[in-house]
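Novice:
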Amino acid sequence: MRINKKAFVAFTAALLCLALGSCGGSSAISGDPTAFSNADESFSIELPASGEDDWTVNEETTGDVLDISNKDDTVNIQIQCLSKSQAQYIAEDLAEYEQYSMINTLSDILGDITLEDAQVELPDFIISGEAETFTLDDGSDSAVGTVIFMESESCYYTYLIMATKDMYDENESVLMGSVLSLQELTSVPESSDSES
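So the sequence shown is residues -28 to -1, 1 to 168, counted in mature numbering (1 follows the signal peptide of the UniProt record, and there is no 0).
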């Protein structure tokens, strides 16, 4: 069984464009807390938004992925939810899920990148989690990010935040707040169109 390889192909392209093509300054992310959910509506997060066009959800991802970027494409957040019943043949615990994800879904992005352990606050329903930070630098511009692997009673999550350095630095509390806002909304489907 494979997890959402198609979703992460689009994700890789978006991240590489962000890392290599972004320029310009930063600005504070502000507005009223606005909920965004994946197409399956199994989880949601909140981000500040002052208008409908502040955030764009990639509608081409599979139902178990939320891929959202700000209007300037200087911040990208991707969250994948995988039910433990779907993951039973690939991961018996969070460490195995993290290893599987790093090899099979994130290796194109983070394979040659040095990851540093990080401490982040996690939502109350999360029973276990691991976080790492990274920097992508092409010489003229850089992008930074955090990848968090989390486990609830019923699911595993990969939560990836990436932004230009200035945007990340200025909005780190907002970006980490989105992690804390993660909520499980409904039962995760036993099978999904993401399996292939």
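Quick reminder that beta carbons are idealized off the backbone N, C-alpha and C, glycines included.
Note that this is a predicted model, so its numbers are computed, not measured.
With burial defined as no fewer than 16 other Cβ atoms inside 10 Å of the residue's Cβ, what is the status of residue 83: buried or exposed?
Specialist: Here residue 83 is exposed. Its C-beta has fewer than 16 other C-beta atoms within 10 Å.
Novice: According to the Cβ coordinates, are residue 154 and residue 57 closer than 9 Å?
Specialist: no
Novice: In chain order, what are the residue ranges of uninterrupted alpha helix (DSSP H) at least 4 long that sit wholly in the segment 4 to 86?
Specialist: 56 to 59, 66 to 76 and 79 to 82
Novice: What does DSSP give as the partner residues of residue 119 in its beta bridges?
Specialist: 104 and 132, per the DSSP bridge assignment.
Novice: What span of residues does the alpha helix (DSSP H) with residue 144 cover, start to end?
Specialist: 137 to 152
Novice: From this set, 13, 107 and 51, which residue's C-alpha is nearest residue 128's C-alpha?
Specialist: 51
Novice: Look at residue 33 and residue 39 and say whether their C-beta atoms are less than 9 Å apart.
Specialist: yes
Novice: Quick check on residue 89: does DSSP put it in helix, strand or coil?
Specialist: Reduced to three states, the DSSP call for residue 89 is strand.
Novice: Sort out for me which residues DSSP pairs residue 114 with in a bridge.
Specialist: 109
Novice: Report the CB separation of residue 133 from residue 147 in whole angstroms; it is logged as a contact under 8 Å.
Specialist: 5 Å
Novice: Rounded to whole angstroms, what's the CA-CA distance from residue 75 to residue 120? Just pull it up for me.
Specialist: 15 Å
Novice: Would you kindly work out how many angstroms separate the C-alpha atoms of residue 70 and residue 89, rounded to a whole number?
Specialist: 13 Å
Novice: Since I believe residue 14 is in contact with residue 158 (beta carbons under 8 Å), could you give me their beta-carbon distance rounded to a whole number of angstroms?
Specialist: 5 Å
Novice: Give every residue of the same chain whose Cβ lies closer than 6 Å to the Cβ of residue 150, excluding the five residues on either side of it in the sequence, and list them in chain order.
Specialist: 17 and 19
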